[in-house]
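Participant: Mind looking over this structure? Questions follow.
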Amino acid sequence: MSLPGTSTKTMHLAALKCAALFVPTHQRPEWLQEWTSELWYVHEACVCKCGLSWQSEKEVAAFCLGAFNDAICLRRNTPRTKSPKPHPLNSPAQCALFLTILAVTTWCLTLLLPGVRTAIQPTPYRDTHNLIAISTNGHSETPVPTISVEQYRFWRNRNQHLFTDFAFYQTSIKLLHIAPHHAPQISVARTSSNLFDLLGVAVPFATRPAHDAIPTLVLSEKLWRTTFNADPEIIGRTLKLGLRPVKVVGILPDGSWQLAGKVDAWLLEPDNYAAAIPATTRGYVIARRDPSSSQTPPTGTWRLFTPQPNDNLASFDCVSLADHSPDPFGIFTFTLFLALLALPATTSLPLGEYPANRHHLRWSIKLRRWIFLWSKLALILPIVYFGSLDLAHFSTSITPEASQYLQGISSFCALLFAFRWTLRDQRKRCPVCLRLLTNPARVGQPSRNFLAWNGTELICAGGHGLLHVPEIATSWFGTQRWLYLDPSWKSLFSETASASAGLF
Amino acid sequence: MAAETKLSHTAALILQAIHAGSVYGFSIMEMTGLPSGTVYPALRRLERDELIRSHWEQQSIADYEQRPPRKYYKLTRAGKTTLESSHKRYPLLVKLIPSPEGEPA
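Chains as they are written, first to last, in this note's numbering: chain A, 1 to 504; chain B, 1001 to 1105.
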């Protein structure tokens, strides 16, 4: 049994190239050249001796495996000449630039992702304070149809003091027959013909169906693009929805539907068709509150007691669409409040003790430190806001309820982490040059804590001072303490680093 | 490198193989029976310790014979001295790989 020679040669060469990755860069070309050359001779010798067989392949493979050992030994024995890389956020400018790039990136993503754009744009409905979603008692938060058609008809036919108009819709799954053997399942909202007028949404080309005319169908932009390839000729065509012919009359732009239920198309029926809906069918009801009503419009969820068709009183939950639609900024503000409450449990809030400097730090240096801290905090807010929005709405298949939870949880976690990082980062920086402190050294023994202290000492590479961080907070050493170094230390540090802050 | 450098048996074997005329990696493997994962790292160490030195064969010679150029290894003066002292430590080394005729090991 044998393998084709060319493919095995390629595999052996690939193995050598993989092994070459372990070799230090400056030695790699010559190392690879030697092994490739030797492989040629090994291959010639083994194939000539044994023919192309598993035995010869085994010998060549064993030779190639030795390359890994050689490469690893070479790496171990090569002295390291490079100094360790500085921290990428070492300087305040690098840190601010990194946060700015992050903020711009998340903002750009917000503009690019269609789901996020829809979430942050203002509501497409007119006068949302007077548009009321009505549901049975206790169901205002759950997106399930609760109002019977009988109740809806009862309200419409009754003299109203509080509401001027009602609209009804009910969702169901139906087959849309586009062509022979092509009938996708879509979610259809069977609506009263006044729904879009009530909401104040203008549907391009759509007209109310005339009495006795066939029902009209409004497609969602997503369905129009995916199923009809954005064909403008679809307007005016008659299709079959389930067993009934319907006329396509318009396209509803993405983001125009923010009510309960996922809908691909809306079926607007003439009144005589709507009258045929069974009385027990349940759906959603939207009502317009009379703006001239003397009562002030309540906010949030409020209770409405109204008679039922059987003359019994029943209570219903009413929510204005202004309060009904999720407010991403409101969720963010709430999580910001929660994160600020939880922050002291994750890290200490003080930035440390910074004694008055005998060398009189310039006020601009002191101010710069505070500006840096507030800049970081200010940049974190848009990063988390846009980042959590991007995460919650990156896919249009996520339901609005799930998006809210996702935004809330991600926003809270990110804010808590970001605030904690900001404080810890600020504490690890030199108050003079704002660079990250280096060379941490453990000092003291825990057993001597009551006589002295034990903890970690960090030093500024510019020679501005030392930071003492206690291992255990005590009454005499409760928080980290900064010690300014006087000019006699200057000679130990590089000129450039010292000059950068202008202390000496 | 000091003349009295003590080599491991494997390193001495490889040094003896080079002295005997196996002057490139694969021939050293064939002569000593050692695997590639032992021979090549040992060659690097011997070269680092200046007991051997390497040079690439001329490209024109390899092109003429239609094969890739080889990297050849050769004992240095220090390498020869170390090998001589290794013979006293490992007397069977010369019996395993005889030195070329007319040349003292």
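All C-beta atoms, glycine included, are put in the ideal place defined by N, C-alpha and C.
Return the CA-CA distance between lysine 1071/B and alanine 61/A, expressed in angstroms with no decimal places.
Facilitator: One-based indexing of the second sequence puts residue 1071/B at position 71. One-based indexing of the first sequence puts residue 61/A at position 61. Going by the C-alpha atoms only, they are around 21 Å apart.
Participant: For histidine 177/A, write down the residues that DSSP places opposite it in a beta bridge.
Facilitator: One-based indexing of the first sequence puts residue 177/A at position 177. Its beta-bridge partners are Lys240/A.
Participant: In the structure shown, what three-state DSSP assignment does phenylalanine 168/A receive?
Facilitator: Start at 1 with the first residue of the first sequence, and residue 168/A comes out as number 168. Strand at phenylalanine 168/A.
Participant: Tell me the DSSP secondary structure of tryptophan 476/A in three-state form.
Facilitator: Sequence index remark: in the first sequence, residue 476/A carries index 476 (1-based). Tryptophan 476/A: coil per DSSP, three-state reduction.
Participant: Which word fits serine 135/A, buried or exposed, when buried means at least 16 other C-beta atoms lie within 10 angstroms of its C-beta?
Facilitator: Sequence index remark: in the first sequence, residue 135/A carries index 135 (1-based). Per the 10 Å Cβ criterion, buried.
Participant: Is valine 1107/B helix, strand or coil by DSSP?
Facilitator: Residue 1107/B lies beyond the stretch modelled for chain B, which goes from 1001 to 1105, so this question has no answer here.
Participant: Among the residues of its own chain, which have a CB less than 6 Å from the CB of valine 1023/B, if the five just before and after it don't count?
Facilitator: The count along the second sequence starts at 1 and reaches residue 1023/B at position 23. Cβ within range, chain order: Tyr1072 and Tyr1073.
Participant: Taking CB distances under 8 Å as the criterion, tell me whether leucine 16/A reaches chain B.
Facilitator: Taking the first residue of the first sequence as position 1, residue 16/A is located at position 16. Not closer than 8 Å to any Cβ of chain B, the Cβ of leucine 16/A fails to qualify, so no.
Participant: Enumerated in chain order, which unbroken segments of the alpha helix (DSSP H) with a length of 4 residues or greater are wholly contained in the segment 2 to 88 of chain A?
Facilitator: For the segment 2 to 88 of chain A, whole alpha helix (DSSP H) runs of length 4 or above, ordered along the chain, are 5 to 20, 28 to 50 and 54 to 77.
Participant: Can the beta-carbon of aspartate 317/A be found closer than 8 Å to that of threonine 301/A?
Facilitator: Residue mapping note: residue 317/A aligns to position 317 of the first sequence, counting from 1. Residue mapping note: residue 301/A aligns to position 301 of the first sequence, counting from 1. Their beta carbons are under 8 Å apart, which means aspartate 317/A touches threonine 301/A by this criterion.
Participant: Given this structure, state the Cα-to-Cα distance separating isoleucine 132/A from isoleucine 286/A, to the nearest angstrom.
Facilitator: Walking along the first sequence from the start, residue 132/A turns up at place 132. Walking along the first sequence from the start, residue 286/A turns up at place 286. If I take the Cα positions, the gap works out to 6 Å.
Participant: Are the C-beta atoms of glutamate 63/A and some chain B residue less than 8 Å apart?
Facilitator: Indexing the first sequence from 1 puts residue 63/A at position 63. First, the amino acid is wrong: residue 63/A is phenylalanine here, not glutamate. It does: the Cβ of phenylalanine 63/A has a partner Cβ on chain B nearer than 8 Å.
Participant: Any idea if tyrosine 1064/B is buried or exposed, counting beta-carbon neighbours within 10 angstroms, 16 or more meaning buried?
Facilitator: In the second sequence, the residue the question calls residue 1064/B occupies position 64. Classification for tyrosine 1064/B: exposed.
Participant: Leaving aside the five residues before and after glutamine 1059/B along the sequence, list all residues of the same chain whose C-beta is less than 7 Å from its C-beta, in chain order.
Facilitator: By 1-based counting over the second sequence, the position of residue 1059/B is 59. Result list for glutamine 1059/B: Pro1069, in chain order.
Participant: So who's on the other strand from isoleucine 1014/B, going by DSSP bridges?
Facilitator: By 1-based counting over the second sequence, the position of residue 1014/B is 14. Isoleucine 1014/B is not bridged to any residue.
Participant: Establish whether the CB of arginine 1077/B and some CB of chain A are separated by less than 8 Å.
Facilitator: One-based indexing of the second sequence puts residue 1077/B at position 77. Output row for arginine 1077/B: interface = no.
Participant: What residue range does the alpha helix (DSSP H) around glutamine 426/A cover?
Facilitator: Locating residue 426/A in the first sequence gives position 426, counting from the first residue. Element bounds for glutamine 426/A: 400 to 427.
Participant: Helix, strand or coil, according to DSSP, for histidine 1009/B in the structure here?
Facilitator: On the second sequence, position 9 is the one that residue 1009/B refers to. In this structure, histidine 1009/B counts as helix in the three-state DSSP scheme.
Participant: Taking Cβ to Cβ, would you say leucine 1075/B is nearer than 8 Å to leucine 1015/B?
Facilitator: Looking up residue 1075/B in the second sequence gives position 75. Looking up residue 1015/B in the second sequence gives position 15. A contact, by the Cβ cut-off of 8 Å.
Participant: Which residues does DSSP pair with tryptophan 188/A in a beta bridge?
Facilitator: By 1-based counting over the first sequence, the position of residue 188/A is 188. Looking at the sequence provided, one finds valine at residue 188/A rather than tryptophan. Beta-bridge pairing links valine 188/A to Ser172/A and Ala265/A.
Participant: For proline 1100/B, decide whether its Cβ has a neighbour in chain A, counting only Cβ atoms nearer than 8 Å.
Facilitator: Within the second sequence, the letter at position 100 stands for residue 1100/B. By this cut-off, proline 1100/B is not an interface position.
Participant: Please list the partners that arginine 1044/B has in chain A, where partner means a Cβ-to-Cβ separation under 8 Å.
Facilitator: As a working note, residue 1044/B is residue 44 in the second sequence. The answer, in chain order, is Asp70, Cys73, Leu74 and Asn77.
Participant: Using the C-alpha atoms, what's the distance from histidine 12/A back to tryptophan 40/A?
Facilitator: In the first sequence, counting from the first residue as 1, residue 40/A sits at position 40. In the first sequence, counting from the first residue as 1, residue 12/A sits at position 12. Answer to the nearest angstrom: the Cα atoms are 10 Å apart.
Participant: Quick check: histidine 129/A and serine 320/A, are their CB atoms within less than 8 Å of each other?
Facilitator: What you label residue 129/A is simply residue 129 of the first sequence in a count that begins at 1. What you label residue 320/A is simply residue 320 of the first sequence in a count that begins at 1. A contact, by the Cβ cut-off of 8 Å.
Participant: So with Cβ pairs under 8 Å, would you call tryptophan 40/A a contact of chain B?
Facilitator: Taking the first residue of the first sequence as 1, we reach residue 40/A at position 40. Cβ-Cβ to chain B under 8 Å: yes for tryptophan 40/A.
Participant: Look at the Cβ atom of phenylalanine 168/A, then the Cβ atom of glycine 283/A, and state whether they are nearer than 8 Å.
Facilitator: The residue given as residue 168/A occupies position 168 in the first sequence. The residue given as residue 283/A occupies position 283 in the first sequence. Yes.
Participant: Could you check whether the Cβ of lysine 1071/B sits closer than 8 Å to any Cβ belonging to chain A?
Facilitator: Stepping through the second sequence from its first residue, residue 1071/B is reached at position 71. Yes, its Cβ sits closer than 8 Å to a Cβ of chain A.
Participant: From the DSSP output, read off the bridge partner residues of lysine 366/A.
Facilitator: Here residue 366/A refers to the residue found at position 366 when the first sequence is read from its first residue. Paired residues: none, contrary to the question.
Participant: Using alpha carbons as the reference points, say which of Ser375/A, Ser91/A, Gln404/A and Ile147/A lies closest to threonine 333/A.
Facilitator: Mapped onto the first sequence, residue 333/A falls at position 333. Selected option, being the one with the closest Cα: Gln404/A.
Participant: In the DSSP assignment, what residue or residues form a beta bridge with glycine 283/A?
Facilitator: Residue mapping note: residue 283/A aligns to position 283 of the first sequence, counting from 1. Partner(s): Ile147/A.
Participant: Straight-line CA distance for leucine 336/A to threonine 100/A?
Facilitator: As a first step, residue 336/A is located in the first sequence; it is residue number 336 there, counting from the start. As a first step, residue 100/A is located in the first sequence; it is residue number 100 there, counting from the start. Their Cα atoms are separated by approximately 20 Å.
Participant: Considering Cα atoms alone, identify which of Leu485/A, His468/A, Pro487/A and Leu389/A is closest to threonine 479/A.
Facilitator: Within the first sequence, the letter at position 479 stands for residue 479/A. Taking only the C-alpha atoms, the option nearest threonine 479/A is His468/A.
Participant: Quick one: is tyrosine 1064/B near chain A, going by C-beta distance under 8 Å?
Facilitator: Within the second sequence, the letter at position 64 stands for residue 1064/B. Not an interface residue.
Participant: Under 8 Å by Cβ, that's how I've got leucine 351/A and glutamine 426/A pegged, so tell me the actual separation to the nearest angstrom.
Facilitator: If you number the first sequence from 1, residue 351/A lands on position 351. If you number the first sequence from 1, residue 426/A lands on position 426. Leucine 351/A to glutamine 426/A, Cβ: 6 Å. Contact.
Participant: May I ask you to list the residues that DSSP assigns as paired with serine 1054/B?
Facilitator: The residue given as residue 1054/B occupies position 54 in the second sequence. Serine 1054/B pairs with Tyr1073/B.
Participant: Considering only their Cβ atoms, is the gap separating leucine 223/A from valine 246/A smaller than 8 Å?
Facilitator: If you number the first sequence from 1, residue 246/A lands on position 246. If you number the first sequence from 1, residue 223/A lands on position 223. Taking 8 Å as the Cβ cut-off, valine 246/A and leucine 223/A do not qualify as a contacting pair.
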